[in-house]
Amino acid sequence: MVHWNKDYLDLLVVPLGLLLMFGYHLVLLYRYLRCPQTTVIGYENHNKRAWVRKMFQIKIEDRGAAISVLSSNASAATSLASISLVLTSLIGAWIGSSSVNLFTSKYIYGSRNPALVYIKYLSLLFCFLVAFGCFVQTARYLVHANFLISMPDNDIPVGCVEKEVIMGSNFWLMGLRSVYFAINLLMWVFGPIPMFACSVAMVVMLVTLDINTTPLHHYKK
281 MVHWNKDYLD LLVVPLGLLL MFGYHLVLLY RYLRCPQTTV IGYENHNKRA
331 WVRKMFQIKI EDRGAAISVL SSNASAATSL ASISLVLTSL IGAWIGSSSV
381 NLFTSKYIYG SRNPALVYIK YLSLLFCFLV AFGCFVQTAR YLVHANFLIS
431 MPDNDIPVGC VEKEVIMGSN FWLMGLRSVY FAINLLMWVF GPIPMFACSV
481 AMVVMLVTLD INTTPLHHYK K
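Residue numbering for the sequence shown is 281 to 501, as defined by this note's numbering.
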């Protein structure tokens, strides 16, 4: 007869929680590609494309509002990139110190294997590194869009600026999703059960936030 060992809980519950998160995002990606109007991502990107087209219809000297919007979004992305980098540095320093054993308490129901503890922190480190890279790319695309939209007497196609804005928006979204995954993995530090509960709560919250019920507005050309 096989005796139950609480170390098995990490092998069962943690992959299930990650599968739940990855599965939800695969379904979201499928819906965005096939029926973008049913997702908030598609709804927002539709409005951003229309915004770029409208900005190109006004004179260059009146595009101050557009430049301000892009600059503020780039600044927000830079701030989040800085926060992600700081958290990455702290986690890296934590892994290299003896305090990594802080959460191997007997009150945590799950494996307290030192190797698994390092895996937890490395997973967190990876998520914040991905978030940092995504937010940096967001700032890069938005800064480039700022250059293009503020260039006087240009004959740049509107589609080029649309592409830059949408790519920046997509990288922003990926950065935020990486932070969401990091929150789940942070809960894993306190045990597999809090991690799974956080995954379920996160998916329920994201289902509510990612569904769009507002019809797409057809802007005048």
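No residue lacks a Cβ here, since even glycine has one placed at the ideal position from N, Cα and C.
Put simply, the stretch 427-442 does not touch the stretch 494-501. Fewer than three CB pairs are less than 8 Å apart.
The beta-carbon distance between Ile-446 and Arg-343, rounded to whole angstroms, is 19 Å. This is too long to meet the 8 Å contact definition. By the C-beta criterion, the stretch 452-463 is judged to be in contact with the stretch 410-423, since at least 3 inter-stretch pairs fall below 8 Å.
With a cutoff of 8 Å on beta-carbon distance, Val-293 and Ile-473 are scored as near each other. Put simply, of Ala-356, Tyr-401, Asn-353 and Pro-394 the residue whose alpha carbon is nearest the alpha carbon of Thr-368 is Tyr-401. Just measuring C-alpha positions, the residue of Val-366, Phe-451 and Leu-396 sitting nearest Val-416 is Phe-451. Met-485 is positioned such that its CB atom lies no closer than 8 Å to that of Gly-297. Counting only residues of its own chain and dropping the five nearest sequence neighbours on each side, Ser-364 has a CB closer than 7 Å to the CB of Phe-408, Ala-411, Phe-412 and Phe-415. Under the criterion of beta carbons closer than 8 Å, Ser-449 and Lys-328 qualify as touching, at roughly 6 Å.
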